Amino acid sequence: RDEAPAAAAEARIRRVRGPPVLWRELRQPFIRNTRARRAAVVLALALALTTYAVFFDDFYAGSAHAKTLAFFTILGLLSAAALAASAITSEREAGTWPALLGTQQTDARIVFGKFAGCLGQSLPVWALMAFHLFIFTAAGMINPAVPPLIGIAVAGAAFFVAAFGLWTSAVFR
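The sequence shown runs 1 to 173 under my numbering.
Take a look at the structure:
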């Protein structure tokens, strides 16, 4: 009899691979409610498709690419900011922040795990931008020199926004 609950408890335990804070951050969904998560995905796809429909004729002129990439950049930066701003605050509200600081993890590893988790969770939005750049560069509508330049600019902005959001989350309640 005693073996059944112990076996069930062991079946639920998952092995942690790599830094534990990063592991946990990457496995937490941005939106916890399944319905809300599906609605957000549908809304984001609808907005992207609407953008493509509205600016379809302008894609050959090139002006629509700037508008679409600006839209994806704003979406990505907002997701990185929201994730970073809630990273430490949510730990404090749950009462797990002192316990996390009491582990053998250094403060730098904890903050790095939170930071990398924020950037990792916002990757789907950046993937939409990369997909847009790949498709239209392959079609010859975007100069091949543009995607690396946009990648550098976006990486710098995302790094700054996530770092500032994490700092804000650590300093303010």
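C-beta atoms are modelled at their ideal positions from N, C-alpha and C, and glycine is treated no differently. Remember, it's a predicted structure, so these values are computed and weren't measured experimentally.
Check your understanding: In three-state terms, what does DSSP make of M141?
Key -> One-based indexing of the sequence shown puts residue 141 at position 141. Correct three-state label for M141: coil.
Review point. Going by the beta-carbon positions, is the gap between L26 and G165 smaller than 8 Å?
Key: In the sequence shown, residue 26 corresponds to position 26, counting from 1. In the sequence shown, residue 165 corresponds to position 165, counting from 1. No, the Cβ-Cβ distance between L26 and G165 is not below 8 Å.
Review point. How many Å lie between V54 and T68 at the Cα?
Key: The residue given as residue 54 occupies position 54 in the sequence shown. The residue given as residue 68 occupies position 68 in the sequence shown. Using only the alpha carbons, I get a separation of about 10 Å.
Review point. So what's P19 in DSSP terms, helix, strand or just coil?
Key: As a position in the sequence shown, residue 19 is number 19, starting the count at 1. Reduced to three states, the DSSP call for P19 is coil.
Review point. Taking contact to mean at least 3 C-beta pairs separated by less than 8 Å, is the segment 153-170 in contact with the segment 86-104?
Key: yes
Check your understanding: Going by other Cβ atoms of all chains shown within 10 Å of its Cβ, with 16 needed for buried, is V161 buried or exposed?
Key -> On the sequence shown, position 161 is the one that residue 161 refers to. With 16 or more other Cβ atoms within 10 Å, it is buried.
Review point. Near L119, what residues of its chain come up, given a Cβ to Cβ distance below 7 Å and the 5 sequence neighbours on each side ignored?
Key: Counted from its first residue, the sequence shown places residue 119 at position 119. Counting only Cβ-Cβ distances below 7 Å, and skipping sequence neighbours, we find A80, A158 and A162.
Practice item. May I ask which residues mark the beginning and end of the alpha helix (DSSP H) holding Q121? Key: Here residue 121 is taken as the residue at index 121 of the sequence shown, counted from 1. Note, Q121: alpha helix (DSSP H), D107 to Q121.
Practice item. Check whether the Cβ atoms of L133 and I110 sit closer than 8 Å, and answer yes or no. Key: Position 133 of the sequence shown holds residue 133. Position 110 of the sequence shown holds residue 110. The answer is no: Cβ separation not under 8 Å.
Review point. Leaving out five residues before and five after T106 in sequence, what residues of the same chain have Cβ atoms less than 6 Å from its Cβ?
Key: Residue 106 sits at position 106 when you count from the first residue of the sequence shown. The answer is none, since no qualifying residue turns up.
Practice item. Would you mind working out which of A145, G156, V146 and M141 sits nearest P56, comparing C-alpha positions? Key: Looking up residue 56 in the sequence shown gives position 56. Correcting the residue identity first, residue 56 is Phe in this sequence and not Pro. Per the Cα distances, M141.
Point to revise | Euclidean distance between Cα positions of V21 and F59 | key: As a first step, residue 21 must be located in the sequence shown, where it is residue number 21. As a first step, residue 59 must be located in the sequence shown, where it is residue number 59. Their Cα atoms are separated by approximately 42 Å.
**Study point:** Exposure label - L45; buried when at least 16 CB within 10 Å
**Key:** For the purposes of this step, residue 45 is taken as the residue at position 45 of the sequence shown. Flag for L45 reads exposed.
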